[in-house]
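Okay, here's the thing in structure tokens:
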């Protein structure tokens, strides 16, 4: 995407996975936070499974004791953010097709790609729309004003497979190991729970005492 | 410890490890947060290594890419909390002796145990006092007004070894799998970054929309 060149006003880099509850919560506030500080958001669909593979990390849900806490925390964090939330079933799901649709759109119209991302995350985490199911994903595409057949062709197209792979590689090279992950002027913030620190940073830069 | 019996005003349960940077940061604000809401704090020294063993979790620092981010995040989180912080060397350290001193004190004087905990965390994370070194731990005990010889005898005493083990077992039974970990009227909060949610909960209970 082409950036408006304003010094010190680079877009917020926002990395998300379509199957990540905290990415969904963040997707509901990131644009408002950016707007409050005169920023735009550059959205990046990534595959957490790919990033975990390369680091030896595992999803939260693989640790039973952590899973119980995390489930409670998802609902609570959504409620604190004023965002509707339900835990989908199945969860987690493969998000490779949704991510390819995102990158297909992103190549020509980043705003539309972001709108699709928000709609898909909201569909999965509020209406149990299973994005890993081709028919449900096509219907969601149609509901958001896309050509569903073209979307399906896109997720099977080598070009967008390669684009997603390159996006994952680029995220990994940028140090991304989880989602949501944000980068503001080179400063990384990991997690929906870093909203407050990121906003303070956008407002006034580094906190006093941080070198 | 004996609790003052006020309905709905149970103490905040606060679980920490002497080698946990985020536990240290939380130890600097937990008493003020509790006081603002008419609560007391019940401190629990635990051994993260023990809790990790039982869950299959690993410390942050075992994942190189996460470690780099986490180090940055520790400094930033401390600065945002207005807390002085330096990353000690060696880090992490064994904290079994410090934890036994804590439980030795806690048995007779919980406030003194909490004061010792704050001093020990601050010593390790601001002045590089190596709590795993018997001589440095004894000096720290003396500096905080304790009988250093009695403290050393306590950490070698079977009674306080057993007490720490029981405290770890109790923490595990309560669902604690990391530190800092807080429980407010049965609601668990994990991490220094849940301060805001915990304060809102103390103020008004569950957020709107949370069942």
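Residue numbers (this note's numbering), protein chains in the order written: chain Z, 552 to 762; chain Y, 552 to 762. The beta carbon of each residue, even a glycine, is placed where N, CA and C say it ideally should be.
For my contact list, residue i and residue j are in at a C-beta cut-off of 8 Å; report their separation, rounded to the angstrom.
i                      : j                      : result
residue 580 of chain Y : residue 632 of chain Y : 6 Å
residue 566 of chain Y : residue 597 of chain Y : 5 Å
residue 802 of chain Z : residue 592 of chain Z : Since the first residue of chain Z shown is 552 and the last is 762, residue 802 of chain Z is not available in this structure.
residue 679 of chain Y : residue 640 of chain Y : 7 Å
residue 724 of chain Y : residue 682 of chain Y : Not confirmed; about 26 Å, so no contact.
residue 602 of chain Y : residue 728 of chain Y : 6 Å
residue 638 of chain Y : residue 578 of chain Y : The pair is not a contact, with the Cβ atoms about 16 Å apart (cut-off 8 Å).
residue 744 of chain Y : residue 744 of chain Z : 5 Å
Nearest-angstrom Cα distance between residue i and residue j?
i                      : j                      : result
residue 656 of chain Y : residue 719 of chain Z : 52 Å
residue 705 of chain Z : residue 644 of chain Z : 20 Å
residue 664 of chain Z : residue 599 of chain Y : 43 Å
residue 625 of chain Y : residue 741 of chain Z : 12 Å
residue 670 of chain Y : residue 647 of chain Y : 16 Å
residue 659 of chain Y : residue 568 of chain Y : 21 Å
residue 495 of chain Y : residue 585 of chain Z : Nothing about residue 495 of chain Y can be read from this structure; chain Y reaches only from 552 to 762.
residue 573 of chain Y : residue 594 of chain Y : 15 Å
residue 571 of chain Z : residue 746 of chain Z : 16 Å
residue 654 of chain Y : residue 717 of chain Y : 10 Å
residue 587 of chain Z : residue 738 of chain Z : 18 Å
residue 589 of chain Y : residue 582 of chain Y : 10 Å
residue 662 of chain Z : residue 730 of chain Y : 40 Å
residue 722 of chain Y : residue 627 of chain Z : 22 Å
residue 755 of chain Y : residue 623 of chain Z : 18 Å
residue 561 of chain Z : residue 752 of chain Z : 14 Å
residue 709 of chain Y : residue 703 of chain Y : 12 Å
residue 759 of chain Z : residue 748 of chain Z : 13 Å
residue 614 of chain Y : residue 666 of chain Y : 33 Å
residue 757 of chain Z : residue 701 of chain Y : 45 Å
residue 642 of chain Y : residue 642 of chain Z : 37 Å
With which residues is residue i paired in a DSSP beta bridge?
i                      : result
residue 735 of chain Y : Y/738
residue 592 of chain Y : Y/563
What are the boundary residues of the alpha helix (DSSP H) that includes residue i?
i                      : result
residue 563 of chain Z : Premise fails: residue 563 of chain Z lies in the beta strand (DSSP E), 563-567, not in any alpha helix (DSSP H).
residue 584 of chain Z : 572-587
residue 616 of chain Y : 615-631
residue 716 of chain Y : 709-724
residue 755 of chain Y : 746-755
residue 672 of chain Y : 661-678
residue 689 of chain Y : 685-694
residue 642 of chain Z : Note, residue 642 of chain Z: premise wrong, no alpha helix (DSSP H); not H, not E.
residue 730 of chain Z : No alpha helix (DSSP H) holds residue 730 of chain Z; DSSP gives it neither H nor E.
residue 656 of chain Z : 647-657
I'd like the list of long-range same chain contacts for residue i, defined as Cβ closer than 6 Å, with 5 residues on each side in sequence excluded.
i                      : result
residue 629 of chain Z : 576, 636
residue 699 of chain Z : 689, 692, 693
residue 674 of chain Y : 680, 691
Counting only the same chain and skipping the five closest in sequence on each side, list residues whose C-beta sits under 7 Å from that of residue i.
i                      : result
residue 651 of chain Y : 705, 706, 711, 712, 715
residue 750 of chain Z : 584
residue 735 of chain Y : 563, 749, 752, 753
residue 726 of chain Z : 739
residue 604 of chain Z : none
Return the chain-ordered list of same chain residues with a C-beta closer than 8 Å to the C-beta of residue i, the five sequence neighbours on each side being excluded.
i                      : result
residue 761 of chain Y : none
residue 677 of chain Z : 635, 636, 637
residue 668 of chain Z : 567, 569, 578, 594, 596, 653
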